[in-house]
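**Q** Just dropping this structure here.
There are 2 protein chains.
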Amino acid sequence: MTLTLTLDALTDRIVAILRRAGLNEVQAAALGGVIAAGERDGCKSHGIYRIEGVLRTLKAGKVDGAALPVLAEDDGRAIIRVEARRGFSTPAFDLGLPLLAARARELGLAAMVVNDCTHFSALWPEVEAVTAEGLAALVMCPSYASVAPTGGTRPLLGTNPLAFGWPRPAGHPYVFDFATSVAARGELELKRRAGEALPEGWAIDAEGRPTTDPEAGLAGAMLPFGGHKGSAIGTMIELLAGVMIGDLTSPEVLEQLGTTALAPFHGELVIALSPEAFARGRPGDPFARAELLFGAITGQGARLPSQRRFAARAKAEAEGVTLTPAEAAQLDRMLELGLDAVA
Amino acid sequence: MTLTLTLDALTDRIVAILRRAGLNEVQAAALGGVIAAGERDGCKSHGIYRIEGVLRTLKAGKVDGAALPVLAEDDGRAIIRVEARRGFSTPAFDLGLPLLAARARELGLAAMVVNDCTHFSALWPEVEAVTAEGLAALVMCPSYASVAPTGGTRPLLGTNPLAFGWPRPAGHPYVFDFATSVAARGELELKRRAGEALPEGWAIDAEGRPTTDPEAGLAGAMLPFGGHKGSAIGTMIELLAGVMIGDLTSPEVLEQLGTTALAPFHGELVIALSPEAFARGRPGDPFARAELLFGAITGQGARLPSQRRFAARAKAEAEGVTLTPAEAAQLDRMLELGLDAVA
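Taken in order, these protein sequences are the chains called A and B. Each residue of the first sequence is one higher than the one before, counting from 204 in my numbering. Each residue of the second sequence is one higher than the one before, counting from 204 in my numbering.
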């Protein structure tokens with residue numbers, strides 16, 4: 204039987220599962236929020252599907268469910284640093300956000316560095332949290348080596364997501380959040396299960412040759428989106444959100460983790476910019492002018508990113524979230540068995 | 204007869220032409236530097252070829268060759284603003300760079316906004332100037348409406364270049380600088396002249412239909428690189444380096460300029476980040492760790508961006524720059540006739 208839950212009820216159930224599995228209140232509350240948000244927005248790949256991965260990563264001892272993130276001493280400069288202390292990224296981000304927002308408003312722009320975190324969530328919840336402060340956001344992180352640089356033959360870069368947001372006075376912000384690989388690893392996996400060929404340009408095999416065989420692609424490497432341009436952006440993300448912030452790069456993550464089956468351990472970079480500060484003294488209101496641009500985009504039939512997600516959200520907020528019988532049973536099972544529910 | 208000049212002699216000749224055409228010393232020196240650098244690096248599209256465009260834009264009264272850029276009052280925050288005062292972008296950038304670098308070192312990151320400038324240069328000279336300060340750089344600007352957003356039918360976004368640099372202790376920095384359109388307008392023009400078809404995915408015609416006819420593509424719109432992802436990045440650049448900084452977006456540029464044949468008038472955003480400040484207190488030296496990443500990229504046969512440019516530079520520095528007889532004659536002609544050399 205399908206199960207329909209309000210968002211609050213869904214969140215409570217996820218938090219209860221995470222608490223049962225051993226996460227402390229801070230970790231469980233933060234993760235419960237983003238996992239419920241993924242389900243709410245119809246992002247099945249970042250919804251309750253992720254709970255199992257959280258539990259497996261916890262069971263493998265790769266994340267500290269008892270961690271309390273700590274804000275590094277504030278030196279008044281533009282870098283806000285949060286030590287996740289081997290916990291998940293989300294509670295660390297939540298801890299640093301108020302200071303990041305205050306500092307970006309004060310200085311015009313500021314950055315939050317999250318160090319030593321396990322990361323499994325999409326970046327859009329964080330982008331949206333920054334835009335809710337009236338600030339633009341640029342967020343990026345590495346993942347683990349699974350993408351070959353253009354012209355290369357082996358996995359080196361991560362799928363390295365890049366996300367951006369711009370606050371809109373009415374309604375949802377402008378938000379994009381995408382992998383800098385042409386496809387996500389999960390999409391290759393789905394093709395494999397469906398017995399379908401990969402589109403050309405998605406992957407190379409273990410010998411570095413282009414392949415449309417999902418099996419061969421999964422054993423080889425994925426390719427960056429947009430050819431050498433996407434490859435360069437993926438490399439930039441390794442540099443800024445790995446090397447520069449003193450945290451792991453994607454090849455280092457894979458080496459430490461030893462598998463792509465658990466949530467990766469690395470850092471994250473969030474840059475917040477104040478449109479009000481940047482536009483000060485210049486003609487026009489930046490928020491009103493942005494709306495003209497968005498209107499020109501949708502006015503010619505193009506879509507703004509994230510619209511499908513926002514539509515799913517509206518539906519979920521009105522009608523609740525409906526889980527399949529298998530999903531509902533899996534939640535019950537995880538609540539009952541805790542870490543014994545996963546291998 | 205071909206003409207081979209040392210870099211200094213080439214720069215002097217370009218500066219003399221620009222002075223003859225009416226640019227003041229500040230504008231001529233800054234532009235002479237970047238035009239000579241383009242020629243030196245084998246970027247013919249940003250070398251002496253550009254002088255004619257500079258002269259035409261000047262002759263059309265669209266740029267003020269007598270402008271002196273002004274640094275806005277420093278409030279001690281993270282935004283450095285330079286008013287180009289309707290001059291070219293380059294001297295404004297040069298004026299703001301020392302303060303940008305000092306502020307990025309002090310705060311960890313800082314931004315330079317250049318407002319009200321005419322822009323024709325590549326972004327890599329500015330990226331390299333920031334990396335020479337030991338800082339990472341992210342630089343972007345709009346251009347004029349010539350690219351349709353993905354799913355759209357008409358020109359709206361510009362070719363909106365995105366450039367990034369990372370300082371390397373030995374040798375040239377890691378630098379990329381590319382249009383967020385799949386191809387540059389000049390590449391479509393070259394295909395038209397050669398009577399060749401466009402690759403699929405480069406352009407749409409005036410009715411918004413995919414086309415491989417260069418003529419139809421030039422009358423229609425170019426497409427973003429990497430599909431919806433490149434389209435989103437191009438939109439981000441309109442927002443950050445147009446709307447946010449209180450300067451023109453690409454559709455506004457085209458509306459004001461009325462043509463794509465002159466250099467566009469808009470603003471520019473430069474973000475400088477201090478790897479030393481970001482990595483402070485964390486394990487490992489960011490510059491040494493970045494070298495490991497670069498080594499892993501080149502070690503599997505992939506190239507770092509800008510290598511062709513750096514190779515051309517080494518050759519030019521050793522052997523000088525050789526101009527074709529037509530190029531040498533055109534320089535002579537522009538030096539003799541000033542603005543009368545162009546239509």
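By construction, the Cβ of each residue, glycine as well, lies at the ideal position given by its N, Cα and C atoms.
1) Taking all protein chains shown into account, do 16 or more other C-beta atoms lie within 10 angstroms of the C-beta of residue 446 of chain B, making it buried, or fewer, making it exposed?
2) So which of B:499, B:436, B:533 and B:288 has the shortest CA-CA distance to residue 348 of chain A?
3) Suppose the cutoff is 6 angstroms on Cβ atoms and the five residues either side in sequence are ignored; what does the same chain contact list for residue 466 of chain B look like?
4) Among B:459, B:410, B:312 and B:306, which one has its Cα closest to the Cα of residue 346 of chain B?
5) Would you mind giving the Cβ-Cβ distance between residue 509 of chain B and residue 379 of chain B, rounded to the nearest angstrom? I have them listed as a contact below 8 angstroms.
6) Out of curiosity, what's the CA-to-CA distance linking residue 263 of chain A and residue 213 of chain A?
7) Give the straight-line distance between the Cα atoms of residue 297 of chain A and residue 511 of chain B, rounded to the nearest whole angstrom.
8) Between the Cα of residue 336 of chain A and the Cα atoms of A:491, A:477, A:521 and A:539, which residue gives the shortest distance?
9) Does DSSP put residue 400 of chain B in a helix, a strand or coil?
10) Against residue 245 of chain B, what residues of chain A qualify as contacts under a CB-to-CB distance less than 9 angstroms, listed in chain order?
11) Would you report the Cα separation of residue 268 of chain B and residue 274 of chain B, rounded to the nearest angstrom?
12) Return the residue from the list B:384, B:294 and B:272 that minimises the CA-CA distance to residue 362 of chain B.
13) Cα separation between residue 216 of chain A and residue 224 of chain A?
14) Quick one: Cα of residue 395 of chain A to Cα of residue 258 of chain B, how far?
15) Give the range of the alpha helix (DSSP H) segment to which residue 439 of chain A is assigned.
16) For residue 294 of chain A, tell me which candidate among A:231, A:433, A:486 and A:532 has the shortest Cα-Cα distance.
17) Tell me the rounded alpha-carbon separation between residue 403 of chain A and residue 420 of chain A.
18) How far does the beta strand (DSSP E) with residue 537 of chain A in it extend, from its first residue to its last?
19) At a CB-CB cut-off below 7 angstroms, which residues of chain A make contact with residue 355 of chain B?
20) Which word fits residue 244 of chain B, buried or exposed, when buried means at least 16 other C-beta atoms lie within 10 angstroms of its C-beta?
21) Is residue 412 of chain A close to chain B, meaning its C-beta is less than 8 angstroms from at least one C-beta of that chain?
22) Run through the region 490-532 of chain B for me and flag every whole alpha helix (DSSP H) of 4 or more residues, listed as ranges in chain order.
23) Do we get a CB-CB distance below 8 angstroms when we pair residue 274 of chain A with the residues of chain B?
24) Name the two residues that bound the continuous alpha helix (DSSP H) containing residue 308 of chain B.
25) Identify, in the order they occur along the chain, each residue of the same chain with its Cβ nearer than 8 angstroms to the Cβ of residue 177 of chain B, setting aside the five sequence neighbours on each side.
26) Enumerate in chain order the residues of its own chain whose CB-to-CB distance from residue 457 of chain B is below 6 angstroms, with the five nearest sequence positions on each side excluded.
27) What's the gap between the Cα of residue 205 of chain A and the Cα of residue 332 of chain A?
28) Closest to residue 364 of chain B by C-alpha separation, out of B:436, B:306 and B:237, would be which residue?
29) Report yes or no: is there a C-beta of chain A within less than 8 angstroms of the C-beta of residue 403 of chain B?
30) Do residue 270 of chain B and residue 253 of chain B count as a contact pair if the criterion is CB distance below 8 angstroms?
31) Find the residues of chain B that neighbour residue 318 of chain A, judging by a C-beta separation of less than 8 angstroms, and give them in chain order.
32) In this structure, does DSSP put residue 395 of chain A in helix, strand or coil?
33) Using a cut-off of 8 angstroms between C-beta atoms, extract the partners of residue 448 of chain A located in chain B.
34) For residue 543 of chain B, does the count of other Cβ atoms within 10 angstroms reach 16, so buried, or fall short, so exposed?
35) Quick check: residue 282 of chain B and residue 299 of chain B, are their CB atoms within less than 8 angstroms of each other?
36) Along the alpha helix (DSSP H) that carries residue 226 of chain B, what are the first and last residues, could you check?
**A** Looking at the coordinates:
1) Taking the first residue of the second sequence as 1, we reach residue 446 of chain B at position 243. Per the 10 Å Cβ criterion, buried.
2) As a working mapping, residue 348 of chain A is identified with position 145 in the first sequence. Checked all of B:499, B:436, B:533 and B:288; the closest Cα to residue 348 of chain A is B:499.
3) Looking up residue 466 of chain B in the second sequence gives position 263. The answer, listed in chain order, is 256, 260, 321 and 323.
4) Here the question's residue 346 of chain B lines up with position 143 in the second sequence. The option with the nearest alpha carbon to residue 346 of chain B is B:459.
5) Position 306 of the second sequence, counted from the first residue, corresponds to residue 509 of chain B. Position 176 of the second sequence, counted from the first residue, corresponds to residue 379 of chain B. Indeed they touch by this definition, with Cβ atoms about 7 angstroms apart.
6) In the first sequence, counting from the first residue as 1, residue 263 of chain A sits at position 60. In the first sequence, counting from the first residue as 1, residue 213 of chain A sits at position 10. Rounded to whole angstroms, residue 263 of chain A to residue 213 of chain A spans 26 angstroms at the Cα level.
7) Position 94 of the first sequence, counted from the start, is the residue given in the question as residue 297 of chain A. Position 308 of the second sequence, counted from the start, is the residue given in the question as residue 511 of chain B. When rounded, the distance between both Cα atoms is 44 angstroms.
8) Here the question's residue 336 of chain A lines up with position 133 in the first sequence. Looking at the Cα atoms, A:477 is the closest of the given residues.
9) The residue you call residue 400 of chain B lines up with position 197 of the second sequence. Here residue 400 of chain B sits in coil by DSSP.
10) For this step, residue 245 of chain B is matched to residue 42 along the second sequence. Contact note: residue 245 of chain B does not reach chain A at a C-beta cutoff of 9 angstroms; the least C-beta distance is about 17 angstroms.
11) Mapped onto the second sequence, residue 268 of chain B falls at position 65. Mapped onto the second sequence, residue 274 of chain B falls at position 71. The straight-line gap from Cα to Cα measures roughly 18 angstroms.
12) Translated into the one-based positions of the second sequence, residue 362 of chain B becomes position 159. Out of B:384, B:294 and B:272, B:384 has the C-alpha closest to the C-alpha of residue 362 of chain B.
13) Position 13 of the first sequence, counted from the first residue, corresponds to residue 216 of chain A. Position 21 of the first sequence, counted from the first residue, corresponds to residue 224 of chain A. Our two residues, residue 216 of chain A and residue 224 of chain A, have alpha carbons roughly 12 angstroms apart in a direct line.
14) Looking up residue 395 of chain A in the first sequence gives position 192. Looking up residue 258 of chain B in the second sequence gives position 55. Looking at the two C-alpha atoms, the distance is approximately 58 angstroms.
15) Taking the first sequence and counting its residues from 1, one reaches residue 439 of chain A at position 236. Start and end: 431-441.
16) The residue labelled residue 294 of chain A in the question sits at position 91 within the first sequence. For the residues A:231, A:433, A:486 and A:532, the minimum Cα distance to residue 294 of chain A belongs to A:231.
17) Taking the first sequence and counting its residues from 1, the one referred to as residue 403 of chain A is at position 200. Taking the first sequence and counting its residues from 1, the one referred to as residue 420 of chain A is at position 217. For residue 403 of chain A and residue 420 of chain A, the distance between alpha carbons rounds to 11 angstroms.
18) Here the question's residue 537 of chain A lines up with position 334 in the first sequence. No beta strand (DSSP E) contains residue 537 of chain A, which is instead part of the alpha helix (DSSP H) from 528-540.
19) Walking along the second sequence from the start, residue 355 of chain B turns up at place 152. Chain A residues near residue 355 of chain B: 500, 503, 504 and 505.
20) Within the second sequence, numbered from 1, the residue matching residue 244 of chain B stands at position 41. By the neighbour-count rule (16 or more Cβ atoms within 10 Å), residue 244 of chain B is buried.
21) By one-based count along the first sequence, residue 412 of chain A stands at place 209. Interface criterion not met: the Cβ of residue 412 of chain A is under 8 angstroms from no Cβ in chain B.
22) 510-522
23) For the purposes of this step, residue 274 of chain A is taken as the residue at position 71 of the first sequence. Cβ-Cβ to chain B under 8 angstroms: no for residue 274 of chain A.
24) Working through the second sequence from its first residue, we reach residue 308 of chain B at position 105. It spans 292-310 - the alpha helix (DSSP H) in which residue 308 of chain B sits, taken as one unbroken run.
25) With chain B represented from 204 up to 546, any question about residue 177 of chain B goes unanswered, as that position is not in the structure.
26) To locate residue 457 of chain B, count along the second sequence from 1; it is residue 254. Cβ within range, chain order: 347 and 348.
27) Working through the first sequence from its first residue, we reach residue 205 of chain A at position 2. Working through the first sequence from its first residue, we reach residue 332 of chain A at position 129. Spanning the two alpha carbons is a distance of roughly 31 angstroms.
28) By one-based count along the second sequence, residue 364 of chain B stands at place 161. For residue 364 of chain B, the nearest C-alpha among the options comes from B:436.
29) Locating residue 403 of chain B in the second sequence gives position 200, where the first residue counts as 1. For residue 403 of chain B, the answer is no, since every Cβ of chain A falls outside 8 angstroms of its Cβ.
30) What you label residue 253 of chain B is simply residue 50 of the second sequence in a count that begins at 1. What you label residue 270 of chain B is simply residue 67 of the second sequence in a count that begins at 1. No, Cβ-Cβ distance for residue 253 of chain B and residue 270 of chain B is not below 8 angstroms.
31) For this step, residue 318 of chain A is matched to residue 115 along the first sequence. The answer, in chain order, is 485.
32) For the purposes of this step, residue 395 of chain A is taken as the residue at position 192 of the first sequence. Three-state DSSP puts residue 395 of chain A in a helix.
33) Start at 1 with the first residue of the first sequence, and residue 448 of chain A comes out as number 245. Simply 481, 482 and 485.
34) Taking the second sequence and counting its residues from 1, one reaches residue 543 of chain B at position 340. When all chains shown are included, residue 543 of chain B counts as exposed.
35) In the second sequence, residue 282 of chain B corresponds to position 79, counting from 1. In the second sequence, residue 299 of chain B corresponds to position 96, counting from 1. In this structure, residue 299 of chain B does not lie closer than 8 angstroms to residue 282 of chain B by Cβ.
36) Here the question's residue 226 of chain B lines up with position 23 in the second sequence. Counting along the chain, residue 226 of chain B falls outside any alpha helix (DSSP H), and DSSP gives it neither H nor E.
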